[in-house]
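Peer 1:
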Amino acid sequence: MRSARLAAYLFGGTAALGAAAYLVIYLYRWQWQRTILCGVLLLVVEVMLLGLALLDRVGRLERRLREGDLRHEEARERLRQDILAELRGAPGDHRPAPRFAWLLDRRGEIDRTFVFVPVLMATGVALSGIAWLVERVAGATVRPAADRRLAGRLAPLAAPPGGPTAGASELPPGPLDTRRRWPRAAGWLLLALTGLGLFHALAELTETRPPERGGETATSVLFRVEGNDVDGDRAVLVVRQHWERCRDATAVPLQRAGLAALDDDLFAATVHPSLSAHDVHRLLGCLEDAAVDRMRLRIVGSGSIGASG
């Protein structure tokens with residue numbers, strides 16, 4: 503059972519780390535469909551780990567309750583057997599002398615008279631009445647001098663004039679134990695700096711920059727369509743629809759952009775004028791992030807075309 507639980511935690515932790523890693527990778531590549539898929543998978547794995555932890559805790563609580571009930575039953579049964587044995591006083595039983603031997607007669611049987619118990623109860627009631635009477639008499643005849651003497655004895659323990667905080671500034675400051683504070687503060691500072699650096703790096707990689715063009719005449723992208731039992735006509739239709747969707751993925755609108763089929767599964771796209779490196783990165787990520795069943799686009803190459811080309 504323990505090995506199965508450890509295996510489940512190990513599997514869930516590995517899946518969560520993988521989903522989180524690919525979430526960051528697909529964010530960097532501008533592949534939003536895969537990013538959403540990894541985010542949902544990470545959320546599902548986290549809920550699964552939380553459910554496993556809760557089930558584990560509830561199971562431990564149930565085991566403790568069952569063990570406690572068993573111990574209570576055993577203790578109750580032992581106490582019952584001890585009381586019965588002491589009251590019976592069976593011959594030949596090597597048990598200590600019964601605690602309530604005064605209840606037994608000469609033959610070892612329980613005496614049914616129970617005379618001692620009423621006498622003991624009556625004596626307790628009489629003593630309680632005498633104590634109550636003494637308390638009432640003492641409360642009626644007490645004098646304030648006793649209170650004054652008690653207050654005089656407690657005078658050295660009174661607070662100083664001006665309140666408990668009077669004269670606190672005159673006390674010398676005690677030494678501060680900074681040996682344990684510095685490592686903790688340094689750890690929190692390092693964690694904050696690491697998180698801030700990761701945030702800035704991810705923001706820089708996925709930032710939508712102002713529109714800018716490249717320095718060349720045009721940018722060309724060559725990609726191949728890979729499908730499973732998909733005919734050529736449908737592949738061409740899917741590629742054109744996906745290309746129209748990716749024309750809005752860049753910061754600069756692709757107004758002068760053409761798409762040509764070089765082969766049954768090989769296509770070339772040309773954009774005038776050329777795009778910046780950031781827009782090329784966004785365009786390639788959008789082309790690879792095809793959300794079509796049984797089809798995907800694989801980038802063969804990309805580059806800039808100069809005036810001489």
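Numbered by our numbering, the letters in the sequence shown go through residues 503 to 811 in order.
Every residue gets a Cβ at the ideal spot worked out from N, C-alpha and C, and that includes glycine.
1) Contact between the stretch 780–791 and the stretch 524–538: three or more CB pairs below 8 angstroms?
2) On the three-state DSSP scale, how would you describe G594?
3) Roughly how many angstroms separate the alpha carbons of D584 and E576, rounded to a whole number?
4) Out of curiosity, what's the CA-to-CA distance linking V546 and E709?
5) Measure the C-alpha to C-alpha separation of C788 and L563 and round it to an integer number of angstroms.
6) Just to confirm the assignment, what range does the beta strand (DSSP E) spanning S505 have?
7) Contact between the stretch 761–770 and the stretch 682–700: three or more CB pairs below 8 angstroms?
8) Whose C-beta lies closer than 6 angstroms to the C-beta of T772 among residues of the same chain, with five residues either side of it excluded?
9) Considering only residues of the same chain and omitting the five flanking positions on each side of G594, which have a CB-CB separation below 7 angstroms?
10) Looking at the unbroken alpha helix (DSSP H) that takes in A695, where does it start and where does it end?
11) Could you tell me if L492 is buried or exposed, where buried requires 16 or more neighbouring beta carbons within 10 angstroms of its beta carbon?
12) By the 10 Å Cβ neighbour count, where 16 or more other Cβ atoms means buried, how is W690 classified, buried or exposed?
13) Just the Cα atoms here: how many angstroms apart are A522 and D571?
14) In angstroms, rounded to a whole number, what distance separates the CA positions of I807 and S776?
15) Between T643, L554, L768, A753, which lies nearest to R504 when the distance is taken from Cα to Cα?
16) Using 10 angstroms around the beta-carbon of H744, count the other beta-carbons present and answer buried if the total reaches 16, otherwise exposed.
Peer 2: This is what the structure holds:
1) yes
2) Summary for G594: the model assigns pLDDT 48, below 50, so the residue's position carries little reliability, and this model does not support an answer.
3) 12 angstroms
4) 28 angstroms
5) 51 angstroms
6) Taken as a continuous stretch (DSSP letters only), S505 belongs to no beta strand (DSSP E), being part of the alpha helix (DSSP H) at 504–530.
7) no
8) A720, S722, G760
9) Note that G594 scores a pLDDT of 48, beneath 50, so its modelled location is shaky and nothing firm can be said.
10) A small correction: the amino acid at residue 695 is Leu; Ala does not occupy that position in the sequence shown. Run containing L695: 683–707, per the alpha helix (DSSP H) assignment.
11) As shown, the chain starts at 503 and ends at 811. That puts residue 492 outside it, with no answer to give.
12) exposed
13) 45 angstroms
14) 8 angstroms
15) L554
16) buried
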